[in-house]
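Step one of this worksheet: look at the structure below.
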Amino acid sequence: MKQEDIPDDTLREPAIAYGSRKEQEPYFFDPLEDVGFKRLFAAEQNQELTVAFLNHVLRGKKTVVSIEVLKSEYPGETKEEGQVTVDMVCKDQEGAIFLVEMQRQYYKNFKKRSLYYGSRLLVEQAPRGNRREWGYDLKDVYVIALLEEFKVSEDEDRIWLHDVALFDTTAEKVFCSALSFIYIEMPHFQKTEQELKSDLERWIYALKHLNHLQAIPATFSEPELVQFCEAARYINLTKAEKNMISNRTKQRWDYYAIIEGAKEIGEAEGRAIGESIGEARGEAKGRAIGEAMVYEKAVKTARKLKGKGFLIEEIAELTELSVAEIKSL
Numbered sequence: 001m002k003q004e005d006i007p008d009d010t011l012r013e014p015a016i017a018y019g020s021r022k023e024q025e026p027y028f029f030d031p032l033e034d035v036g037f038k039r040l041f042a043a044e045q046n047q048e049l050t051v052a053f054l055n056h057v058l059r060g061k062k063t064v065v066s067i068e069v070l071k072s073e074y075p076g077e078t079k080e081e082g083q084v085t086v087d088m089v090c091k092d093q094e095g096a097i098f099l100v101e102m103q104r105q106y107y108k109n110f111k112k113r114s115l116y117y118g119s120r121l122l123v124e125q126a127p128r129g130n131r132r133e134w135g136y137d138l139k140d141v142y143v144i145a146l147l148e149e150f151k152v153s154e155d156e157d158r159i160w161l162h163d164v165a166l167f168d169t170t171a172e173k174v175f176c177s178a179l180s181f182i183y184i185e186m187p188h189f190q191k192t193e194q195e196l197k198s199d200l201e202r203w204i205y206a207l208k209h210l211n212h213l214q215a216i217p218a219t220f221s222e223p224e225l226v227q228f229c230e231a232a233r234y235i236n237l238t239k240a241e242k243n244m245i246s247n248r249t250k251q252r253w254d255y256y257a258i259i260e261g262a263k264e265i266g267e268a269e270g271r272a273i274g275e276s277i278g279e280a281r282g283e284a285k286g287r288a289i290g291e292a293m294v295y296e297k298a299v300k301t302a303r304k305l306k307g308k309g310f311l312i313e314e315i316a317e318l319t320e321l322s323v324a325e326i327k328s329l
């Protein structure tokens, strides 16, 4: 399939709706969907595929031979925070830890969020009790984030891969390898199949476009990548998994409809009322009422997202309301 045949859409809507007649089912499921992502990367039978992907992403920084998938749920720091769930955590044969996340929508303070979760994986290595013999012998932690609809860079350099480390700006070298971040920005990855030059580029191309293809691209020669594509066949999914993907897809469409609607109404009403009152009664009071309108819209949006089954943590990130406020709705 040619690149121009692949729609450059924002929502990554499949060519047909999941759950429709069998003859219209897609050839591949979306590997970026939560259910599909975990099925491909966290399943025990696919560990050699995960190892291959990690080695391509690391690009020689270290070599992963084998992995052990770890728990992906962690207790929150407070009672209100509840359980914290990440996409996939694993460790390699040397104890290095990898947190692999797929982020489909914008999160406020995402850089700090990834720093927080990566730091927790460092802190949790500390043994309980006597730590004298431990001596802060930390195993390296790598946070690998695949970003579908937003980017971490603040410029327009069009760089799609960012390799971030603790860096000594004076000596111009890495200060410590204990915590590293690799961000892959899908919006900036615009290569066609014919332009792919490395195995990593072919993996990213597969992740971004696979659910729009009807066959494995002829340029995919790496055995693990071919196996990855075969594992992503829609026909391999159970009925329950198909239903989960269908529900998540509908949730995403509902989410975008709600957000766009609230944005249009909130911006228009908040701006109009704020400006009007600002002119009549003073700029400060007008701004305060405008902010109140925005808060009211955030509450309405949170109620709708809660009704659609979104996690409280997700709603808090998207609406900027507190967990306690959302629970009280």
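Quick note on our numbering: the sequence shown kicks off at 1 and runs consecutively. Where a beta carbon is used, it is the ideal one built from N, C-alpha and C, also for glycine. Remember, predicted model here, so these are calculated numbers, not experimental data.
With 16 or more other Cβ atoms inside 10 Å of its own Cβ, residue 297 counts as buried.
Cβ-Cβ distances below 6 Å link residue 161 to 184 in the same chain, with the five nearest sequence neighbours on each side left out; the list follows chain order. Taking the Cβ atoms as the reference, residue 36 lies roughly 13 Å from residue 235, outside the contact range of under 8 Å. Here residue 92 is buried. Its C-beta has 16 or more other C-beta atoms within 10 Å. The shortest C-alpha to C-alpha distance from residue 152 to any of 206, 240, 106 is the one to 106. Spanning the alpha carbons of residue 126 and residue 109 requires a straight line of approximately 27 Å. The Cβ atoms of residue 187 and residue 224 do not sit closer than 8 Å to each other.
About 6 Å separates the CB atoms of residue 70 and residue 90; that is less than 8 Å, so the two are in contact.
The alpha helix (DSSP H) runs of length 4 or more contained entirely in the region 85-143 are, from start to end of the chain, 110-123. Shown here for residue 65: same chain residues with a beta carbon closer than 8 Å to its own, the five before and five after excluded, namely 51, 92, 93 in chain order. Counted as a single uninterrupted DSSP element, the beta strand (DSSP E) harbouring residue 178 occupies residues 173-185. With fewer than 16 other Cβ atoms from the protein chains shown falling within 10 Å of its own Cβ, residue 173 counts as exposed.
DSSP places residue 159 outside any alpha helix (DSSP H), giving it a letter other than H or E. Going by beta carbons, residue 34 and residue 248 fall inside the 8 Å limit. In the structure shown, residue 199 adopts helical secondary structure according to DSSP, grouped into three states. According to the DSSP assignment, residue 317 belongs to the alpha helix (DSSP H) that extends over 312-319. Rounded to whole angstroms, residue 229 and residue 190 show a C-alpha spacing of 20 Å.
Bounds of the beta strand (DSSP E) holding residue 67 are 67-69.
Burial state of residue 238 is exposed, judged by a 10 Å Cβ sphere holding fewer than 16 other Cβ atoms.
In the structure shown, the three-state DSSP call for residue 30 is coil. Our two residues, residue 302 and residue 315, have alpha carbons roughly 6 Å apart in a direct line. Secondary structure note for residue 150: it is in no alpha helix (DSSP H), with a DSSP letter that is neither H nor E. Residue environment analysis places residue 175 among the exposed positions, since fewer than 16 neighbouring C-beta atoms fall within 10 angstroms of its C-beta. With fewer than 16 neighbouring CB atoms inside 10 Å of its own CB, residue 123 falls in the exposed class.
In the structure shown, the three-state DSSP call for residue 248 is helix. Following the DSSP letters along the chain, one finds residue 223 inside the alpha helix (DSSP H) bounded by residues 223-231.
Residue environment analysis places residue 208 among the buried positions, since at least 16 neighbouring C-beta atoms fall within 10 angstroms of its C-beta.
In the structure shown, the three-state DSSP call for residue 166 is strand. Where residue 43 is concerned, there is no enclosing alpha helix (DSSP H), because DSSP gives it neither an H nor an E.
The beta carbon of residue 121 is closer than 7 Å to those of 97, 99, 141 in its chain, skipping five residues each way along the sequence.
In the structure shown, residue 218 adopts coil according to DSSP, grouped into three states. Put simply, of 178, 101, 147, 45 the residue whose alpha carbon is nearest the alpha carbon of residue 136 is 178.
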